[in-house]
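S.K.: Residue numbers (the numbering used here), protein chains in the order written: chain A, 46 to 223; chain B, 42 to 180; chain C, 3 to 154.
Submitted below is the structure of interest, expressed as structure tokens.
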Amino acid sequence: MSRQALRLDAKKVNSEFLTLTYGALVTQMLRDFENVEDVNKQLERIGYNMGMRLIEDFLARTSAPRCLEMRETADRIQQAFRMYLNIQPTISNWSAASDEFSLLFDTNPLTEFVELPADLSNLRYSAILSGCIRGALEMVQLEVQCWFVQDQLKGDNVTELRVKFVRRLEEAIPAGED
Amino acid sequence: MAFCIAIIGKDNAPLYLVTSDVEKELDLQYRVHAALDVVEEKCQLLGKGAPETKELYLGLLYSTETHKIYGFVTNSKIKFIIVIDSSNVALRENEVRAMFRNLHILWNDAVCNPFYIPGEQLNSKKFDRAVQKLMSGNV
Amino acid sequence: MSEEIVFDCLHAEIVNYCLGNNKEHDLATLEYIGFTTGYRLIERLTRDSSRFKDELETMKFICTDFWTLIYKKQVDNLRTNNHGMYVVQDKAFRFLTRISPGAKQLEHAPKFVAFTCGLVRGALSNLGINSTVTADVQSIPACRFHIEVNRN
């Protein structure tokens with residue numbers, strides 16, 4: 046160790062490394078695309094790809110059995126946020142049919158230090174999160190819609206992500222069977 | 042009571058300046074500028090094996106009849122200058138040190154905003170509000 | 003740790019983004035993303051540090067503490083010629099350990115080290131040291147980073 050040996054919290058360092066890397070990616074994309082909506086789509090896409098990989102890791106670590114209904118799914122998502130981002134969103138605002146709910150975050154590690162410039166009010170800075178949820182659930186045969194209802198970066202008190210069940214995806218029927 | 046906080050970048054480019062007395066702004070800017078030479082001297086001394094100070098705080102850079110000027114240089118070569126009216130006798134050195142420490146923390150957060158371009162002037166409402174608080178705690 | 007896989011996934015996506023279908027991008031963009039990250043990261047990591055005395059102390063910090071904090075392991079070897087040239091060797095570099103070793107994969111190795119080259123360059127740059135950082139991968143997952151300090 047050098048003379049400047051630090052007693053830094055490993056979790057915090059990891060979190061900040063992620064935050065800063067993500068920020069660098071977002072700003073690079075803003076340079077690459079003229080249209081902010083294209084950046085939103087790219088970030089969602091990246092989240093989607095990541096979700097597909099992370100779900101495998103999640104299932105391996107938790108050996109969770111298949112969810113039978115959305116309330117279980119919501120709990121798993123909450124668990125995943127704890128495991129991977131070290132945050133605990135609250136589940137709330139269930140629809141009457143229990144097929145739609147919100148995740149409320151009062152902190153979001155991805156947006157730590159971020160101040161959105163006034164001319165980027167259309168940027169969905171954390172779009173990677175909605176993409177991630179969508180991608181992960183699709184791998185377990187659940188098609189959902191996922192979108193931001195509130196965003197602390199835009200002045201709201203809390204960041205609210207809404208998840209809505211669309212349909213169960215049939216597993217692909219192996220060739221040869223009718 | 043004049044009170045000024047200035048942040049100067051690596052190539053002595055001004056990154057941020059706020060004063061509590063807008064009329065005195067030019068005068069304070071001049072003081073900050075003069076302070077940079079002293080900062081330069083002190084830093085060179087540190088490099089040449091002067092009694093090693095591990096601190097980033099440089100202490101009182103110089104004082105005039107009307108003002109006291111303090112300095113602080115980060116490891117990332119950013120200089121913070123605080124100009125205080127000499128008539129403000131209530132402000133003690135350890136409070137000045139604490140102010141620099143808080144300023145450093147605020148600056149650190151501001152630099153980590155991915156939309157801030159290093160080397161450019163800092164344009165952050167969050168930072169402005171926080172610095173105002175810092176200043177109003179001490180004027 | 004679960005957090006590691008999140009970063010590994012993000013890194014892989016960033017590599018894909020820079021070098022995927024978009025022909026206009028290349029390793030330089032990937033390196034630059036690393037650069038701006040490293041620049042800010044070092045600001046965070048050294049926020050509570052005391053003053054760095056000189057270039058050697060700074061380099062030692064980058065090649066030891068910084069590496070350990072980011073890559074979770076010690077650097078395996080650090081050499082310098084005392085004239086501004088430093089070589090950091092990592093026998094099991096984090097972003098190469100998931101690639102299967104083999105001659106064919108060596109072609110792709112530069113993609114997985116570009117971000118780190120930028121990261122180191124950015125960190126040094128913010129501490130007042132201008133440098134050129136390159137990497138060479140002789141056999142996956144071992145990697146050597148060459149840091150050449152530009153002294154003017």
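Note that beta-carbon positions come from the ideal geometry of N, C-alpha and C, so glycine has one too.
If you drop the 5 nearest sequence neighbours on each side, which residues of the same chain put their C-beta closer than 7 Å to that of A/D223?
M.R.: In this prediction, A/D223 scores a pLDDT of 44, lower than 50, which makes its location untrustworthy; no coordinate-derived value is stated.
S.K.: For a quick check, are the C-beta atoms of A/R98 and C/I7 less than 9 Å apart?
M.R.: Contact: yes.
S.K.: Please classify A/T66 as buried or exposed, where buried requires at least 16 neighbouring CB atoms within 10 angstroms.
M.R.: buried
S.K.: Please go through the region 39–97 of chain C and give each complete beta strand (DSSP E) segment of 3 or more residues, from N-terminal end onward.
M.R.: 79–82 and 87–92
S.K.: Just the Cα atoms here: how many angstroms apart are A/L161 and A/Y170?
M.R.: Cα-Cα distance, rounded: 9 Å.
S.K.: Please work out which residues of its chain come closer than 8 Å, Cβ to Cβ, to C/F37, disregarding the five sequence neighbours upstream and downstream, and give them in chain order.
M.R.: Only G120, L121, R123, G124 and S127 meet the Cβ criterion.
S.K.: Give the straight-line distance between the Cα atoms of B/A151 and A/E145, rounded to the nearest whole angstrom.
M.R.: When rounded, the distance between both Cα atoms is 37 Å.
S.K.: Which bits of chain F does B/C153 rub up against, with CB to CB less than 8 Å?
M.R.: Of the chains in the structure shown, none is chain F; the protein chains are A, B and C.
S.K.: Return the bridge partner residues of A/S137 from the DSSP annotation.
M.R.: In DSSP, A/S137 forms a bridge with A/S147.
S.K.: In chain C, which residues lie with their C-beta within 9 Å of the C-beta of B/L97?
M.R.: S51, S52 and R53
S.K.: For the region 113–132 of chain C, list every residue whose C-beta sits within 7 Å of some C-beta in chain B, in sequence order.
M.R.: N128, L129 and G130
S.K.: Can you give me the Cβ contacts of A/I91 inside the same chain, cut-off strictly under 7 Å, excluding the 5 residues immediately before and after it?
M.R.: These residues qualify, in order along the chain: I173 and G176.
S.K.: With the cut-off set at 9 Å, would you say C/K62 and C/R96 are in Cβ contact?
M.R.: no
S.K.: What residues in the region 85–103 of chain C have a beta carbon less than 9 Å from any beta carbon of chain A?
M.R.: none
S.K.: Which runs of the beta strand (DSSP E) at least 3 residues long sit entirely within the region 86–153 of chain C? Give them in chain order.
M.R.: 87–92, 133–141 and 144–151
S.K.: Taking all protein chains shown into account, decide if B/L69 is buried (16 or more other Cβ within 10 angstroms of its Cβ) or exposed.
M.R.: By the 16-neighbour rule on beta-carbons within 10 angstroms, B/L69 is buried.
S.K.: Are B/N154 and A/G68 closer than 9 Å when you measure CB to CB?
M.R.: yes
S.K.: Can you tell me which of A/F193, A/V58, A/R207 and A/I136 puts its alpha carbon nearest to the alpha carbon of C/T70?
M.R.: A/V58
S.K.: Would you kindly report the start and end of the unbroken beta strand (DSSP E) that includes A/R111?
M.R.: From DSSP, A/R111 is part of no beta strand (DSSP E); its letter is neither H nor E.
S.K.: Does the CB of A/F62 have a neighbour CB from chain B at under 9 Å?
M.R.: no
S.K.: How should A/A181 be labelled, buried or exposed, when 16 other C-beta atoms within 10 angstroms of its C-beta is the threshold for buried?
M.R.: By the 10 Å Cβ count, A/A181 comes out buried.
S.K.: Given that A/A69 touches chain B, what residues does it touch there, using C-beta distances under 8 Å?
M.R.: P155
S.K.: Would A/T204 pass as an interface residue toward chain B - the criterion being a Cβ-Cβ separation below 9 Å?
M.R.: no
S.K.: When you compare only the Cα positions, how much space is there between C/A144 and B/N135?
M.R.: Computed Cα separation, rounded: 50 Å.
S.K.: Check the Cβ of A/Q65 against every Cβ in chain C and list those closer than 7 Å, keeping chain order.
M.R.: According to the sequence as given, residue 65 of chain A is Leu; it is not Gln. The answer, in chain order, is T39, R42 and L43.
S.K.: Mapping DSSP to helix, strand and coil, what is A/R169?
M.R.: coil
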